[in-house]
Structures are given as structure tokens and as C-alpha cells.
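Here the sequence shown is numbered in the numbering used here, starting from 31 and rising by one per residue. First the structure, in the form of C-alpha cells, and then the observations on it.
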Amino acid sequence: MKGIPMQTGVLRVLRASAASWWRHKELRRTGQTGQAQRLERETVLRDLGYLKQAALLPNVHVICGEGGTFIHLGWTTVSTFAPIERFPLATLAVARGTPFIDIRPVTDVIAFANLPRVTRDGSADHEPWGLGSAVSLITYVDMVEQLGASITNDPRSHKSI
Numbered sequence: 031m032k033g034i035p036m037q038t039g040v041l042r043v044l045r046a047s048a049a050s051w052w053r054h055k056e057l058r059r060t061g062q063t064g065q066a067q068r069l070e071r072e073t074v075l076r077d078l079g080y081l082k083q084a085a086l087l088p089n090v091h092v093i094c095g096e097g098g099t100f101i102h103l104g105w106t107t108v109s110t111f112a113p114i115e116r117f118p119l120a121t122l123a124v125a126r127g128t129p130f131i132d133i134r135p136v137t138d139v140i141a142f143a144n145l146p147r148v149t150r151d152g153s154a155d156h157e158p159w160g161l162g163s164a165v166s167l168i169t170y171v172d173m174v175e176q177l178g179a180s181i182t183n184d185p186r187s188h189k190s191i
């Protein structure tokens, strides 16, 4: 995490998010404050780990559609049914530079569903793509953008020419 102000801001958001969880609220309500604090600390540390992974791993991206928001971290996916605006961890990842694919404008759900997945490790299958094939994040962004998705923190801008 770069700089003290960003660290403080990130921790503040993650702590507020952890404290707002219904389970943690219920523990506090029933007088189990110590357990609530322990679980909140564990949640913050887990989420900080996800943010570190988002900054380091290849092909990490956030995607938001009608089904919710997903942070794809290779072998791990963190998700919620809420839009990105109500998922603080995803919002922080995007604010820190993780590519964001907003598929809410995509109307051809069949074409979208038939796209190859993003590879976890940077390797990719070659055309023709079929069921179960994988492509690089850059190729995937090209494909979803043709379907109408909007891209923030476009990974294609980092390609060498």
C-alpha cells in the first residue's frame, strides 16, 4: 500500500465494512464485543490480503454485471450480489488500479456467456476458442468491449507497442 494516507483510508474503509456485517453487529448487540472485534480484525486482514493479491497477480480484474460484483484473483474469486458501488473491497481494488470490466451495459447475454474465461496464470489457449478455453485478460477485454462493456484501468494501455 502506497503512502500513509492511502493506508489509513483503506483500513478505515475495511474496518467500517467489517463492522457493518450483520453477524458482527449481532455479536456486539448480544454483548460478545471481544468476539466481534476478533472476527472484524480477521476480516480486515483477509481483505488486505485480497488487495495485495490484486496488485501482484496477473490477470486479476473486477467485473460487475446484473448478477453482482466479482473480484477474480486467479484461483480465488471474491463476490457479492451487490453492484460495485456497494462492495467496498472491489471499489478499493479498482481505486488502486485493478482493471474493472462493467458488463451492465452488455445486452447480448448469450454472446457474453459464450466468451472464453480469463486465464489464471497468464497462459492462454489459441483460436479457435471453445467451451472451457481461456484467454489473456487483454484479449478478454477486447471481446467484452465489443459487446458493449465499459473498461476502467484498461490493461491494454500497459502493452508495449
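Built from N, CA and C at the ideal position, the CB exists for glycine as well. For clarity, every value in this text was computed on a predicted model and none was experimentally measured.
Compute the Euclidean distance between the alpha carbons of residue i and residue j, then round it to the nearest angstrom.
i, j, result
"phenylalanine 130", "methionine 173", "14 angstroms"
"valine 40", "leucine 122", "7 angstroms"
"threonine 182", "valine 136", "15 angstroms"
"arginine 42", "alanine 66", "17 angstroms"
"lysine 32", "serine 180", "Legend: pLDDT at lysine 32 = 44, less than 50; position of this residue unreliable, value from coordinates given subsequently. When rounded, the distance between both Cα atoms is 27 angstroms."
"leucine 103", "glutamate 56", "30 angstroms"
"threonine 73", "glycine 61", "20 angstroms"
Looking at the unbroken alpha helix (DSSP H) that takes in residue i, where does it start and where does it end?
i, result
"phenylalanine 142", "139–143"
"glycine 178", "Neither: glycine 178 is in no alpha helix (DSSP H) and is coded neither H nor E."
"leucine 81", "63–86"
"valine 136", "Neither: valine 136 is in no alpha helix (DSSP H) and is coded neither H nor E."
"threonine 121", "118–125"
"arginine 59", "52–59"
Is the Cβ-Cβ distance between residue i and residue j less than 9 angstroms?
i, j, result
"valine 90", "phenylalanine 100", "no"
"serine 47", "proline 118", "yes"
"glutamate 70", "tryptophan 51", "yes"
"arginine 134", "glutamate 96", "yes"
For residue i, collect the residues of the same chain with a Cβ closer than 7 angstroms to its Cβ; drop the 5 residues on either side in sequence, then sort them by chain order.
i, result
"glycine 98", "Ser109, Thr110, Phe111 and Ala112"
"leucine 177", "Val136, Asp138, Ala141 and Phe142"
Please identify the residue among the options whose C-alpha is closest to the C-alpha of residue i.
i, options, result
"arginine 186", "Gln176, Ser180, Leu177 and Ile168", "Ile168"
"leucine 87", "Gly127, Leu75, Glu96 and Ile114", "Gly127"
"threonine 63", "Ala49, Leu75 and Val74", "Ala49"
"glycine 79", "Tyr170, Ala120 and Val171", "Ala120"
"cysteine 94", "Glu115, Glu56 and Tyr170", "Glu115"
"leucine 75", "Ser180, Gly104, Gln37 and Asp184", "Gln37"
"arginine 68", "Asp77, Asn144 and His54", "His54"
"threonine 106", "Gly61, Glu175 and Asp77", "Asp77"
"leucine 81", "Asn144, Ala125 and Asp132", "Ala125"
For residue i, which residues from the same chain have a beta carbon less than 6 angstroms from its beta carbon, with the 5 sequence-adjacent residues on both sides left out?
i, result
"proline 146", "Trp159, Ser163, Ala164 and Val165"
"arginine 58", "Ala66"
"alanine 84", "Val90, Ala123 and Thr128"
"serine 144", "Per the sequence shown, the amino acid found at residue 144 is asparagine instead of serine. Once the five neighbours on either side are set aside, asparagine 144 has no close Cβ partner at all."
Over what stretch of residues does the beta strand (DSSP E) that includes residue i continue unbroken?
i, result
"valine 108", "106–110"
"aspartate 132", "130–132"
"glycine 98", "98–103"
"glycine 95", "91–95"
Spatial neighbours of residue i within its chain, please: C-beta separation below 8 angstroms, excluding the five flanking residues on both sides.
i, result
"aspartate 184", "Pro129 and Val171"
"glutamate 175", "Ile181"
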